[in-house]
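What follows is one structure encoded as structure tokens, with my remarks underneath.
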Amino acid sequence: MEEILKVEKISKEFPGVKALDNVSFNLYKGEVHALVGENGAGKSTLIKILTGAISPTKGKITLFGKSYDKLDPILTQHIGIAAVYQEMVLANYLNVVDNVFLGIEPSQLGFDKKREKITKLKELMKSLDYELDPKAQVKDLSAAQQGVVAILRALVRNSKILIFDEPTASLSEREVKVLFSVIRKLKKQEISIIYISHRLEEVFEIADRISVLKDGKLVGEKIVSETNSNELIKMMVGREIETNIYDSNRKIGTEVFRCEGLTNIKVKNISFNLKSGEIVGMYGLIGSGRTELAKAVFGADKLLEGRIFIDGKEVKLKSPHFSRKQGLSYLPEDRRREGLALQLSVKFNVNLASYDSISKFGFVDLKKERFVTFDLIKALELKTPSISQKVSNLSGGTQQKVVVAKWLAAKSKIFIMDEPTVGIDVGVKNEIYKLMNKLAENGSAVLFISSYMPELIAVCDRILVMKDGKITGEIKRQNFSEEEILKMAI
1 MEEILKVEKI
11 SKEFPGVKAL
21 DNVSFNLYKG
31 EVHALVGENG
41 AGKSTLIKIL
51 TGAISPTKGK
61 ITLFGKSYDK
71 LDPILTQHIG
81 IAAVYQEMVL
91 ANYLNVVDNV
101 FLGIEPSQLG
111 FDKKREKITK
121 LKELMKSLDY
131 ELDPKAQVKD
141 LSAAQQGVVA
151 ILRALVRNSK
161 ILIFDEPTAS
171 LSEREVKVLF
181 SVIRKLKKQE
191 ISIIYISHRL
201 EEVFEIADRI
211 SVLKDGKLVG
221 EKIVSETNSN
231 ELIKMMVGRE
241 IETNIYDSNR
251 KIGTEVFRCE
261 GLTNIKVKNI
271 SFNLKSGEIV
281 GMYGLIGSGR
291 TELAKAVFGA
301 DKLLEGRIFI
311 DGKEVKLKSP
321 HFSRKQGLSY
331 LPEDRRREGL
341 ALQLSVKFNV
351 NLASYDSISK
361 FGFVDLKKER
371 FVTFDLIKAL
381 ELKTPSISQK
391 VSNLSGGTQQ
401 KVVVAKWLAA
411 KSKIFIMDEP
421 TVGIDVGVKN
431 EIYKLMNKLA
441 ENGSAVLFIS
451 SYMPELIAVC
461 DRILVMKDGK
471 ITGEIKRQNF
481 SEEEILKMAI
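Just so you know, we're using the working numbering here: the sequence shown kicks off at 1 and counts up by one.
Here you go:
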């Protein structure tokens with residue numbers, strides 16, 4: 001096989017942190033090479049070096065036979081490297097076609113006119129078996145649709161090396177199949193792919209080789225056919241991961257939340273309840289109304305009809321602020337945009353929803369603020385150099401824990417979690433599942449929204465299924481099966 005990329009003894013140091021330590025890695029023509037590892041293992045740092053976003057502290061990179069000490073974004077684009085990141089880097093107020101062709105000079109790829117761009121875009125979408133309105137603004141698209149735009153942007157540049165960083169995090173099962181079909185077509189065209197995912201079943205389906213990073217070091221490389229999930233997990237986290245997640249000893253109590261006939265533009269006549277000590281799953285395909293329902297319950301989106309009861313008392317949840325006062329919390333699907341103040345500290349984010357309880361006459365009790373922060377850092381085993389660290393510098397898994405800490409500090413008793421494990425490694429996912437169990441054991445109710453059926457089956461007491469803005473069914477734990485869930489969802 002022809003080697004087109006070779007990384008030799010690459011290291012990258014940040015102040016006080018060695019993000020990569022003597023890592024070597026290569027890529028062959030027409031190969032899918034997966035990178036796996038826990039959050040903070042160094043995967044994103046390596047990708048940033050390969051795309052020219054940052055320079056290595058030391059080491060050498062060879063691309064198509066030519067060696068470089070460092071790369072830059074213009075050079076990597078010229079060479080033919082494109083990346084699709086977990087957090088979409090898109091121009092929200094431009095339309096789809098302008099986003100896909102953004103940065104391409106007129107006639108650079110032979111597309112002089114808008115309609116020629118639209119024609120090419122439609123050809124690409126047809127190859128993906130996916131349709132989007134070329135004139136739709138990106139800000140109006142779902143997370144899954146935005147992900148497809150980012151993939152189209154990479155494909156239109158005819159890149160020789162494509163880097164996919166958690167590309168399926170917000171995609172439906174059908175869209176994942178479409179993406180994998182495209183990747184297989186790219187392989188046949190001898191395009192090489194670096195594929196990063198925390199979903200090991202995807203890695204085994206699409207990759208040829210797997211490299212494992214841990215604490216900035218390469219700890220192993222495996223041919224897919226010669227390894228298994230358990231071996232990779234042990235390499236990634238240095239321990240066996242507990243597979244029996246469900247807590248059968250958990251006691252389910254009385255009803256703490258009930259909604260009747262919730263209706264707005266996106267959801268129709270929704271009724272369900274939650275009990276203390278209970279974890280209720282909610283499944284639905286993209287566009288089913290899961291996130292819209294969560295936002296409506298939390299008061300972020302307006303309801304046209306319906307009633308909500310907390311502890312048997314009817315309440316009007318007019319805003320997130322009022323919902324918080326009633327003991328509700330919402331962990332949004334897009335934690336970076338909606339759940340965190342990224343440029344502010346861990347301390348600020350942890351106390352963000354509860355400053356009124358640690359303040360007097362407008363002044364924050366700094367001692368209480370620090371105590372609450374340290375207490376929750378310890379309880380959640382939250383990895384941060386200090387409570388003053390900017391949240392933007394933390395890994396995705398740690399950021400999710402900060403969102404949970406924020407609502408624990410606010411003494412929430414009803415937790416609405418929308419895709420809480422998206423983009424999180426297998427070790428931290430397991431911690432999130434255990435945290436849900438712990439919340440339920442302490443008497444809280446958890447609504448766990450996910451597009452990933454295996455985790456709902458592993459964790460929940462019962463599962464609600466949504467389609468077209470309606471709840472189409474409820475499945476008890478003893479009847480759980482992916483087939484039964486999918487029947488109700490399609």
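Cβ atoms here follow ideal geometry from the backbone N, Cα and C, with glycine treated the same way.
If you follow the beta strand (DSSP E) that residue i is part of, which residue opens it and which one closes it?
i    : result
G261 : E255 to T263
A19  : V17 to Y28
E2   : Counting along the chain, E2 falls outside any beta strand (DSSP E), and DSSP gives it neither H nor E.
K476 : K470 to K476
Below 7 Å CB to CB, which residues in the same chain sit around residue i once its five sequence neighbours on both sides are set aside?
i    : result
L439 : F415 and V446
R335 : Q399, Q400 and V403
Y68  : I61
K318 : G299
Find the nearest neighbour of residue i within the set the options, judged by alpha-carbon distance.
i    : options                   : result
Q77  : L366, R153 and F363       : R153
D215 : R157, L90 and S11         : S11
L200 : K185, V219 and T227       : T227
K160 : R174, K60, E175 and I193  : I193
G423 : S44, G281 and I118        : S44
D208 : S197, N95, V219 and I223  : I223
M436 : T51, V280 and M488        : V280
K411 : R324, K48, V149 and N349  : R324
Y452 : A41, S357, K66 and T168   : T168
K114 : S127, R477 and K135       : K135
S388 : G397, R370 and A379       : R370
E260 : V297, I308, R157 and N249 : I308
K470 : S271, V149 and E13        : S271
S395 : V428, A409, D98 and N351  : V428
G327 : K413, Y283 and S319       : K413
A83  : G59, T57 and G52          : G52
T263 : I463, A296 and S276       : A296
S248 : T384, L46, S450 and E441  : E441
L380 : G397, K368 and K367       : G397
I449 : E333, T384 and T57        : E333
K139 : R337, N430 and K251       : R337
DSSP has residue i in a bridge; who is on the other side?
i    : result
A405 : Note: A405 sits in no beta bridge, so no partner.
K66  : L63
H33  : I194 and R209
N273 : R258
Q137 : N95
F515 : Look at the range of the chain in this structure, 1 to 490, and you will see that residue 515 is not part of it.
K214 : K217
V84  : F164
K390 : S345
E305 : T263
G284 : M466
How far does the alpha helix (DSSP H) with residue i in it extend, from its first residue to its last?
i    : result
M236 : S229 to V237
K295 : R290 to V297
A489 : E482 to A489
L121 : K114 to L128
Y433 : V426 to E441
R370 : L366 to L380
I74  : P73 to I79
I49  : K43 to L50
L171 : No alpha helix (DSSP H) holds L171; DSSP gives it neither H nor E.
Mind reading off the beta-carbon distance from residue i to residue j? Whole number of angstroms is fine, and I expect it under 8 Å.
i    : j    : result
V256 : L274 : 6 Å
L293 : V315 : No, L293 and V315 are not in contact; Cβ-Cβ is about 17 Å, not under 8 Å.
G299 : F322 : 6 Å
S24  : E2   : With 8 Å as the limit, S24 and E2 do not qualify as a contact, their Cβ atoms being about 18 Å apart.
L179 : L155 : No, L179 and L155 are not in contact; Cβ-Cβ is about 11 Å, not under 8 Å.
G443 : V212 : With 8 Å as the limit, G443 and V212 do not qualify as a contact, their Cβ atoms being about 39 Å apart.
I81  : I163 : 7 Å
R290 : M466 : 6 Å
N349 : A341 : 6 Å
S345 : K302 : In fact, because the Cβ distance is near 33 Å, the residues do not count as touching under 8 Å.
V426 : M236 : 7 Å
N26  : K6   : 5 Å
S276 : G253 : 4 Å
Output needed for residue i: all residues of its chain with C-beta closer than 6 Å, excluding positions within five of it in sequence on either side, in chain order.
i    : result
I432 : P420 and T421
G473 : V465 and M488
L128 : V178 and V182
Leaving out the 5 sequence neighbours to the left and right, which residues in its chain are closer than 8 Å to residue i when beta-carbon positions are compared?
i    : result
L331 : G339, Q400, V403, V404, W407, F415, I416, M417, D418 and P420
G130 : A small correction: the amino acid at residue 130 is Tyr; Gly does not occupy that position in the sequence shown. Result list for Y130: V148, E175 and V178, in chain order.
L102 : A91, L94 and R153
I490 : L285 and K467
K187 : G30, E31, V32 and I193
S386 : V346
Would the C-beta of residue i count as close to the ligand SAH, meaning under 7 Å from any of its heavy atoms?
i    : result
L317 : No copy of the ligand SAH occurs in the structure displayed, which carries no ligand at all.
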